[in-house]
Amino acid sequence: MKKIHLIAPSGASFDASSPLAGIEWLQKQGIEVLNTDCINRVEQRFAGSDAERLADINQLATLSPDMAVVAMRGGYGLHRLLPDIQWSAIAKAVQNGLQICGHSDFTVFQLGLLAKTGAVTLAGPMLNFDFACQGEQGEGVAPNAFMWTNFQQAINERKLDCTIKLAQPFLSKSAAGKVSGLLWGGNLTVLAGLVGTPYLPTQEQTQGGILFLEDVNEHPYRIERMLMQLLDAGILENQSAILLGGFSAYRLYDNDRGYSLESAIEAICKRLPDGIPVLTGLPFGHQAEKLTLPVGAQAHIQYDASGFSIQSHW
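Here this note's numbering is used: position 242 in the sequence shown is 242, and no number is missing along the way.
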């Protein structure tokens, strides 16, 4: 990986020092960072006008396949652009070798591209949070080593290989198995907002899939409500496995009276058909330690009550 092309298709940066710190760190690794002007765009809460952000996305169809594309940050904004994205042209660039990475609001683009074309993108780090790490006094510190290692492996080797040793509370002690299927998913709020639209992969596309989910700033009852929506829409029962990543930055209240994220997941598990493992602790989400996951690639999982492994090559 010698070049990273930046795009800013969603929210504007809260702090101008964040993307600059990320760019500086990447440059110190010997990586040429392109399209840096996009980090300075601001219109209301967005990283530029709809036309500017759409141009960022559609420009991907013209990029050299020897570079990686990384989104600046998430927030909101991509949903506005979906009808005018040049899906087929971008998919052709991906087939020629271009790799495109992001998460959070970027889930909209990734699932839309998968639904429209079947092209593989990467759910992984973004510039502001993952590469612009700063210490308590503002001094630069290295990005998370696990994230950086797995990102490089995804970009350079097109490979995912990770073992998670963590007790699985939603599996029986005797549960064990292997599953393979289309790896897909992303941010739960964003994904749930695509139900009923042409930008969510069909049940035929995701039959027997491996669905991964994460979210931030969402109380467990809202997590449960969105999972119930996916359940009642027939999406969860269509999967061979469900992987839960980080669900972070929420707070519980006195009137929860013991209700928790675990309670929410348990309520979903009780309604799932037998034989669909719900696995927790996937290192992915709004957190420093994260995998880079190939959205739309075939993946393989081996699991038991003590943890699971996940592999993919695309």
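Cβ coordinates follow ideal geometry from the N, Cα and C atoms, glycine included.
Cα-Cα separation between residue i and residue j, rounded to whole angstroms
| i | j | result |
| --- | --- | --- |
| A145 | E52 | 33 angstroms |
| D84 | L54 | 8 angstroms |
| G118 | A297 | 9 angstroms |
| L127 | K290 | 14 angstroms |
| H5 | T149 | 19 angstroms |
| L188 | S18 | 25 angstroms |
| Q137 | D15 | At Q137, the pLDDT of 47 sits below 50, so the modelled position is not reliable; the number obtained from the coordinates is stated separately. Their backbone Cα atoms lie some 15 angstroms apart in a straight line. |
| E237 | D215 | 20 angstroms |
| S104 | V190 | 8 angstroms |
| I100 | A167 | 33 angstroms |
| E24 | M226 | 38 angstroms |
| P198 | A115 | 7 angstroms |
| L200 | L213 | 14 angstroms |
| D66 | G48 | 27 angstroms |
| Y253 | L243 | 26 angstroms |
| Y250 | N217 | 5 angstroms |
| D37 | S13 | 12 angstroms |
Local conformation of residue i per DSSP, three classes
| i | result |
| --- | --- |
| C133 | coil |
| T292 | coil |
| F247 | strand |
| Y259 | coil |
| E266 | helix |
| F14 | coil |
| E224 | helix |
| Q302 | strand |
| K116 | helix |
| D274 | coil |
| Q205 | helix |
| E218 | coil |
| L236 | helix |
| L6 | strand |
| L230 | helix |
| F284 | coil |
Reference residue i, options the options, closest by Cα
| i | options | result |
| --- | --- | --- |
| S248 | P9, Y259, H219, I57 | H219 |
| G196 | G112, V69, Y259, L272 | G112 |
| Y30 | I7, M1, D56 | The sequence given here places Gly at residue 30; Tyr does not occur at that position. For G30, the nearest C-alpha among the options comes from M1. |
| Q152 | L171, K3, I276, L166 | K3 |
| P125 | L166, S13, G74 | G74 |
| Q205 | N217, I235, L252 | I235 |
| G246 | V179, A142, V190, H286 | H286 |
| T121 | S260, A71, I276 | A71 |
| R271 | A21, G281, E24, F170 | F170 |
| P319 | P273, S309, G258 | Nothing can be reported for residue 319, as the shown portion of the chain is limited to 1 through 314. |
| V69 | Y259, P294, P277, L34 | L34 |
| T123 | P294, L160, P143, S180 | The sequence given here places Ala at residue 123; Thr does not occur at that position. The option with the nearest alpha carbon to A123 is P294. |
| M228 | I155, V278, A192, P65 | A192 |
| H79 | D50, M67, S64, R158 | D50 |
| C133 | T163, L20, G275 | L20 |
| L98 | T62, L81, Y76, G77 | T62 |
| A299 | A12, A154, H313 | H313 |
Is the stretch 258-276 touching the stretch 100-109 in the sense that three or more CB pairs, one from each, lie closer than 8 angstroms? no
Any contact between the stretch 174-188 and the stretch 209-219? By contact I mean 3 or more CB pairs, one from each, below 8 angstroms. yes
Completely contained beta strand (DSSP E) runs for the stretch 16-96, where each covers 3 or more residues: Counting only runs that start and end inside the stretch 16-96, the beta strand (DSSP E) elements of at least 3 residues fall at 32-34, 68-71.
Those runs of the beta strand (DSSP E) which lie wholly inside the stretch 118-197 and span at least 3 residues: 121-123, 159-165, 176-187
Evaluate the contact criterion for the stretch 167-181 versus the stretch 296-310: three or more CB pairs, one atom per stretch, below 8 angstroms. Touching, per the Cβ criterion.
Below 8 angstroms, how does it come out for the stretch 71-90 and the stretch 55-62: are there three or more Cβ pairs, yes or no? yes
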